[in-house]
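Residue numbers (the working numbering): 110 to 252. For glycine and all other residues, C-beta sits at the position ideal for the given N, C-alpha and C.
And the structure:
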């Protein structure tokens, strides 16, 4: 049911979520007095075994699937290409505020890394296309 059409998949996920919620436990760590750290949500050991098996299955069937791996590879290439462009001409390519921070930090490449890490997927794609696609981008695009 998890790998079929939408309705059965939604039903299966709903049942699994319900199962895991019903098998949550509250642990009392008596060595702590502060309630925020004394009480901890945990899961019944039998549910933990099922959760680990599901994670392993999803990893093998979804995350390691060729379709997802192609997207991951493409995303990695885009991140590297945008980083290299920004690093080659930081003043020309970084937003003004980010470039000011870059200068204050003595040209630390970590500033560029952090800027790219903070991008959403769609913003990274737009930036990549603006930099590398001949028909994309305009001087009127908001950076």
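Of the listed residues 205, 243 and 187, nearest to residue 226 (C-alpha basis):
By 1-based counting over the chain shown, the position of residue 226 is 117. The shortest C-alpha separation from residue 226 is found at 187.
In the DSSP output, what is residue 136 paired with across the bridge?
For the purposes of this step, residue 136 is taken as residue 27 along the chain shown, with counting starting at 1. DSSP, once it has assigned bridges, lists 149 as partnering residue 136.
Per-residue DSSP class, three states only, for residue 173
Numbered from its first residue, the chain shown carries residue 173 at position 64. Reduced to three states, the DSSP call for residue 173 is coil.
Quick check on residue 179: buried or exposed, where buried means 16 or more other Cβ atoms within 10 Å of its Cβ?
Counting from 1 along the chain shown, the entry for residue 179 is found at position 70. Burial call: exposed.
Best match in 143, 208, 126 and 153 for proximity to residue 224 [C-alpha to C-alpha]
The count along the chain shown starts at 1 and reaches residue 224 at position 115. Considering only alpha carbons, the answer is 208.
Please tell me whether residue 190 and residue 232 are closer than 8 Å, where the distance is taken between their beta carbons.
On the chain shown, residue 190 is found 81 positions in, with the first residue counted as 1. On the chain shown, residue 232 is found 123 positions in, with the first residue counted as 1. No.
Would DSSP call residue 215 helix, strand or coil?
Looking up residue 215 in the chain shown gives position 106. Coil at residue 215, not helix or strand.
Of the listed residues 143, 171, 157 and 200, nearest to residue 113 (C-alpha basis):
Your numbering for residue 113 matches position 4 in the chain shown. If we check each option's Cα against that of residue 113, 171 comes out closest.
Could you say which of 130, 147 and 132 lies nearest to residue 138 if we only look at CA atoms?
Translated into the one-based positions of the chain shown, residue 138 becomes position 29. Checking every option, the nearest Cα to that of residue 138 belongs to 147.
Taking 8 Å as the threshold (C-beta atoms), are residue 152 and residue 134 in contact?
Residue mapping note: residue 134 aligns to position 25 of the chain shown, counting from 1. Residue mapping note: residue 152 aligns to position 43 of the chain shown, counting from 1. Against a cut-off of 8 Å, the Cβ pair of residue 152 and residue 134 comes out as a contact.
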